[in-house]
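To start, the structure itself, in structure tokens.
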Amino acid sequence: MKSFWVVFFLMVLLILLNADQMVMSPTIGMIEEEFGVSDAQIGLVGAIFTVIGALISLVWGYLADKFNRKNLLLYSVLVGEIPCLMTAFSGSFSQLFLWRALTGIGVGASFPIVYSLVADMFDEVSRGKIVAFLTSAISIGNILGMVIGGFVGPSFGWRIPFVIVSLPNVFLTIAAFFVLKEPKRGAFEKGIGELVRAGYTYPKIPKFRDYAKLVTIKTNLFLFLQGILGTVPWGAIPYFLVEYFRRERGLSVEIATIVFLVFGLGNILGTVVGGWIGTKLYKRSRSILPVFCGISTAAGVLLTIITIDYHATGPGGLFVLGTLGLFAAMTDSITGPNVKFMLINVNEPQDRGRIFSIFNLTDSLGTGVGRWIGGALSIVFGSLGIAMKISAYFWFGCTVFLMILSIYFSKDVQSLENKMIALGKSKL
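Each residue of the sequence shown is one higher than the one before, counting from 442 in the working numbering.
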């Protein structure tokens, strides 16, 4: 199978898998009413979903650097989808909590494997666009989950959406065993790639002591730090957005979901456009890329606050709200694919599964904590809107770290290239 079709297949797999993440969001009110729980408790469910996934990601990331990544990916998807299906049969809040926690396995485990796979399928420049497409698949999956939850839930109850998002991926995963192939590790690295493609086996294997080496790379460190801060708003805002529009802006669940879809479209556009611009900037000057991400992140905070504060009345007001949200989401999403692009291009092939597992840990912890913070702040201030605005300010911290990163990123890329060239010469 050619690389394009592999990427397309991975995108479909990720779309269905990530539909699990947001399928519950439009029906939060229904679940709270049935089980008699609060926003904070529902926020905790979202938090444990991501935390479990992050912890599993650490294990899978290490395995991805040593063993067949295709098989590991498909096993993880199957393991994650079964609990998602079982969520529909929860008879109590404790059962719901358990199944959602286990569902996080599939999402968490897939993250480091997918990006390690594509890094060995494309050269350093092309990776930017590919990563953008895969990242957009995650966003599309979140939107799909919202659509199913928002339109199926009010008519058929909150349980049916979990069945709808889980079963298709089971069949797709079975098919993937026959159509996906494992790429050669290091096949597109400067200096060593030609030897690998000619039949030479990439010699380096991961060791536990290498974990310490990963955090000594400045790009990794600053991307981890900004990731922790940035995922607080990414955790709180999408998770409670539909409920906010329903509860505090008087919209129906269906209309609120449509508004969310417009925001989601902005997220997808921002991811794709951000990856495309990031690739162009990378080719021109590597140090410009982090600066571009920092500026767009700061601008996104301002647009997000304006969108949350806007009171929409009538069709015209909804149009303005959708337009504001579209541009806010676009601006907020530019950094995401470029962060993954930068991580791939500063880490050695045998380290990428683990580096993405560590990034997923920081990313997921931030998202999980963000959901919990969002729910807790809504109780403290009596408003989901205030909770989401406070969460948005965490993005300013990301801007600071991204600006600092501009000093180190180009040096770290060059350091990796020098290592790969030296390795290639040693094998000639």
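All C-beta atoms, glycine included, are put in the ideal place defined by N, C-alpha and C.
| query | result |
| --- | --- |
| Between the CA atoms of residue 802 and residue 492 - distance to the nearest angstrom | 7 Å |
| Anticipated Cβ contact below 8 Å, residue 593 with residue 605, distance rounded | 7 Å |
| Given 8 Å, three or more beta-carbon pairs between the segment 460-471 and the segment 670-684 | yes |
| Bounding residues of the alpha helix (DSSP H) (the contiguous stretch that carries residue 464) | Looking at the DSSP string, residue 464 is not in any alpha helix (DSSP H), and its letter there is neither H nor E. |
| Coil, strand or helix - residue 564 by DSSP | coil |
| Pair within 8 Å by beta-carbon distance, residue 769 and residue 754 | no |
| C-beta atoms of residue 783 and residue 710 nearer than 8 Å | no |
| Buried versus exposed, by CB contacts within 10 Å (16 or more), residue 644 | exposed |
| Straight-line gap, residue 599 to residue 641 (C-alpha atoms, nearest Å) | 53 Å |
| Residue 647 classed as buried or exposed, judged by whether at least 16 other C-beta atoms fall within 10 angstroms | buried |
| Residue from 458, 446, 482 with nearest C-alpha to residue 813 | 482 |
| Residue 866, buried or exposed, once every other Cβ within 10 Å from all chains shown has been counted against 16 | exposed |
| Extent of the continuous alpha helix (DSSP H) run through residue 422 | Given that the chain is displayed from residue 442 to residue 869, the structure contains no residue 422 and the question cannot be resolved. |
| Through-space distance from residue 650 to residue 591, alpha-carbon basis | 47 Å |
| Cutoff 8 Å: residue 584 Cβ touching any chain C Cβ | In the structure shown, chain C does not exist; there is a single protein chain. |
| Where the alpha helix (DSSP H) containing residue 788 begins and where it ends | That residue, residue 788, is in no alpha helix (DSSP H); it is neither H nor E in DSSP. |
| Residue 579 beta carbon less than 8 Å from that of residue 459 | yes |
| Ordered list of beta strand (DSSP E) runs contained in the segment 605-656, each at least 3 residues | none |
| Contact under 8 Å by Cβ, residue 786 with residue 568 | yes |
| At least three beta-carbon pairs within less than 8 Å, the segment 822-831 to the segment 534-548 | no |
| N-terminal and C-terminal residue of the alpha helix (DSSP H) that residue 501 is part of | 480-505 |
| Same chain, Cβ closer than 7 Å to residue 522, five either side skipped, listed in chain order | 547, 607, 610, 611 |
| Inter-residue CB distance, residue 734 and residue 799 (contact presumed, cutoff 8 Å) | That pair is no contact at about 19 Å. |
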